[in-house]
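Accompanying notes for the structure given below.
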Amino acid sequence: MKTYINVLVLLSLFGLMNCTKSDFLNVKPNSGIMVPNTLEDVEKLLNNNLLRTFSSGLATVSADEYIVSEANWNTVPAIERNASVWNRDVYEGEEVLDWKRPYTVVFYVNNALAVLSGMDSKMQSTDWFKELYGWALFQRAYANYELARLFCKSYDENTADTDLGIPIRITPGIDVIVQRSTLRDTYTHILNDIKQAIPLLGTERSANLMKPNKITSYSLLARIYLDMGKYVEAESCADSALDLYNILLDYNTLDFATSAPFSSNNMEIIFGVTTVGRYVLSSVGSMSALYTVNPELFNLYDSDDLRLKVFFLTDGLGKVVMKKSYIGLGLYGFTGLTTDELYLIKAECLARKDKDEDALEWIHDLLQKRYATGKAPMLEELQSRGPVLETVLEERRKELVWRSIRWSDIKRLNRDGKGIELGREIGDKKYTLPANDPRYVLPIPDDEVAFSGLTQNQR
0 MKTYINVLVL
10 LSLFGLMNCT
20 KSDFLNVKPN
30 SGIMVPNTLE
40 DVEKLLNNNL
50 LRTFSSGLAT
60 VSADEYIVSE
70 ANWNTVPAIE
80 RNASVWNRDV
90 YEGEEVLDWK
100 RPYTVVFYVN
110 NALAVLSGMD
120 SKMQSTDWFK
130 ELYGWALFQR
140 AYANYELARL
150 FCKSYDENTA
160 DTDLGIPIRI
170 TPGIDVIVQR
180 STLRDTYTHI
190 LNDIKQAIPL
200 LGTERSANLM
210 KPNKITSYSL
220 LARIYLDMGK
230 YVEAESCADS
240 ALDLYNILLD
250 YNTLDFATSA
260 PFSSNNMEII
270 FGVTTVGRYV
280 LSSVGSMSAL
290 YTVNPELFNL
300 YDSDDLRLKV
310 FFLTDGLGKV
320 VMKKSYIGLG
330 LYGFTGLTTD
340 ELYLIKAECL
350 ARKDKDEDAL
360 EWIHDLLQKR
370 YATGKAPMLE
380 ELQSRGPVLE
390 TVLEERRKEL
400 VWRSIRWSDI
410 KRLNRDGKGI
420 ELGREIGDKK
430 YTLPANDPRY
440 VLPIPDDEVA
450 FSGLTQNQR
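Numbering-wise (numbering that gives the first Met the number 0), the sequence shown opens with residue 0 and increments by one.
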């Protein structure tokens, strides 16, 4: 697979930057690549910064959280222009990091798992070994899920045996071509990796936000089950995560004046991942950004809602862009796991089984930390807004803005009959994306199709 051949270059570069006496990242041009051979080597491999920046930026570019002028649109790379208006040919031959980077993570992890599996029984009985093995399984699941939610249809129990999934790679071999699995098999593999990781991982949130634990595992399961429409399972996993860790930030304590109100150790973060860091239309933290936050979204916030000051930069003349990300670093969006997302998953699952009062109590608890002190809407006001599920989904949209979640939310909601149609105006041209259109699934990169014979997505 061409992606894996390209990864060799990345491994070589990583080895140059992180040399140790074991020299575990020396590379040979075949499946017999030199790999880590100690637990310390494996930990260094899993703790590589490259494994932090692999979420999709195209999910943000494709969604409806921003608008862009014709003049600015004309200056961005072709891949962004095409993704923003849902053209059938998205890439025009450009490199697709949204595909390549998650598979890079899978490659690293499969090498780590191969080394760990080859260690003697005495080593495998240690807590350090178990932690590293669970870490690798979790990381592989996260990367594969990122691929599935971008390059596959939204999971549907009725069609999961015939819908196409992703190529599932479970060995580090670079010269083995793997075809696409079914969507059911893809999700079964992802879920099994996480479930196997849970008993191997610790229960405490780590200061190293790249290091998973039981909280991260249950949180990822909750996200995936919600996406799959399995609400009983999603609620159960959200409960398991929240039982271990449920801290919410009080936005009243943040500095509204800065363009980076969140710290790199934001206490709501459970697992720290950002986008691939390539796209102009998904950048954050500067008024010079070429997009404007969608007024439809911006106008959903009440004047006492502190998210207006915490999330957005404004010039006073109508232009609104995103402040620095939820993790306080870099120019691109945070997409990881957080406690606020768990609150919203719990609330949605309750609303979907008609436990409206309980659902609104979770929303009320969240908003107490998001509004100016004493200004948060009371339960009675939340009840008066209309159908509780709609209230929950609106708060989800307002809270999880710019985290590459909106795109997959639209896909799953339309799968269930929501009927959301996207539209974008570029100059005098109007582009639309009807509900459940095949273009909600991004195409497999053409070079991968040509090299590996993968079945291309319908566009």
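Think of the CB as a built atom: it goes at the ideal place given N, C-alpha and C, for glycine as much as any other residue. Everything numeric in this text was worked out from a predicted model, so none of it was measured.
Note on MET122: under 16 other CB atoms within 10 angstroms of its CB, so exposed under the neighbour-count rule. Between MET286 and VAL320, the gap from beta carbon to beta carbon is short of 8 Å. DSSP places TYR65 within a strand segment (E or B) once states are collapsed to three. Judged by DSSP secondary structure, LEU307 falls within the alpha helix (DSSP H) whose first and last residues are 306-310. Bounds of the alpha helix (DSSP H) holding THR187 are 182-196. 8 Å or more divides the Cβ of CYS151 from the Cβ of ALA233.
Straight-line spacing of the CA atoms in ASN293 and GLY426 works out to 16 Å. In the DSSP annotation of this structure, PHE261 is not part of any alpha helix (DSSP H), being labelled neither H nor E.
Under the rule that a run must span 4 or more residues, the alpha helix (DSSP H) segments found entirely inside the stretch 391-453 read 405-414 and 445-451. Going by beta carbons, LEU365 and LEU247 fall inside the 8 Å limit. DSSP places SER218 outside any beta strand (DSSP E); the residue lies instead in the alpha helix (DSSP H), whose first and last residues are 213-227.
Per DSSP, GLY329 is not a residue of any beta strand (DSSP E), being assigned neither H nor E. A straight line joining the alpha-carbon of ALA350 with that of ALA358 spans about 5 Å. When the Cα atoms are used, GLY284 and THR338 turn out to be separated by approximately 23 Å. When rounded, the separation of the alpha-carbon atoms in TRP85 and GLU64 is 15 Å. Note that the C-beta distance between THR390 and ILE419 is not below 8 Å. Distance from ARG402 to PHE333 at the Cβ level is roughly 6 Å; contact confirmed, criterion being Cβ atoms closer than 8 Å.
Apart from sequence neighbours up to five positions away, the residues of its chain that approach LEU208 with a beta-carbon distance below 7 Å are ILE268, PHE270 and GLY271, ordered along the chain. If only uninterrupted beta strand (DSSP E) runs of at least 3 residues are considered, those enclosed by the stretch 54-107 are 65-67. Counting along the chain, GLY284 sits inside no beta strand (DSSP E), nor does DSSP assign it H or E at all.
Taking 8 Å as the cut-off, the Cβ atoms of LEU136 and VAL41 do not count as close. Taking all protein chains shown into account, SER262 has fewer than 16 neighbouring C-beta atoms within 10 Å of its C-beta and is therefore exposed. By the criterion of at least three beta-carbon pairs nearer than 8 Å, the stretch 198-212 is not in contact with the stretch 378-385. CA-to-CA, the gap between MET377 and PRO35 works out to about 55 Å. Distances from the CA of GLU93 to each of ARG277, ILE404 and GLU340 were compared; the closest alpha carbon is that of ARG277. Note: ILE165 is not bridge-paired with any residue in the DSSP secondary-structure output.
Each of ASP304, SER281 and LYS354 was checked against the Cα of LYS323, and the nearest Cα belongs to SER281. The distance from the Cβ of VAL448 to that of GLN457 is about 13 Å, inconsistent with a contact at the 8 Å cut-off. Counting along the chain, ILE344 sits inside no beta strand (DSSP E); it lies in the alpha helix (DSSP H) bounded by residues 338-351. Residue pairing by DSSP puts VAL319 in a beta bridge opposite THR313.
At the C-beta level, LEU336 and LEU219 come within 8 Å of one another. Rounded to the nearest angstrom, the Cβ distance from ILE409 to ALA82 is 14 Å, too far for a contact under 8 Å. Shown here for ASP226: same chain residues with a beta carbon closer than 8 Å to its own, the five before and five after excluded, namely ARG148, SER153, TYR154, SER407 and ARG411 in chain order. Ranked by Cα distance from ASN212, the first of TRP134, THR103 and GLY452 is TRP134. Counted as a single uninterrupted DSSP element, the stretch harbouring ILE268 is not any alpha helix (DSSP H) but the beta strand (DSSP E) occupying residues 268-270. Per DSSP, CYS236 is one residue of the alpha helix (DSSP H) stretching across 230-243.
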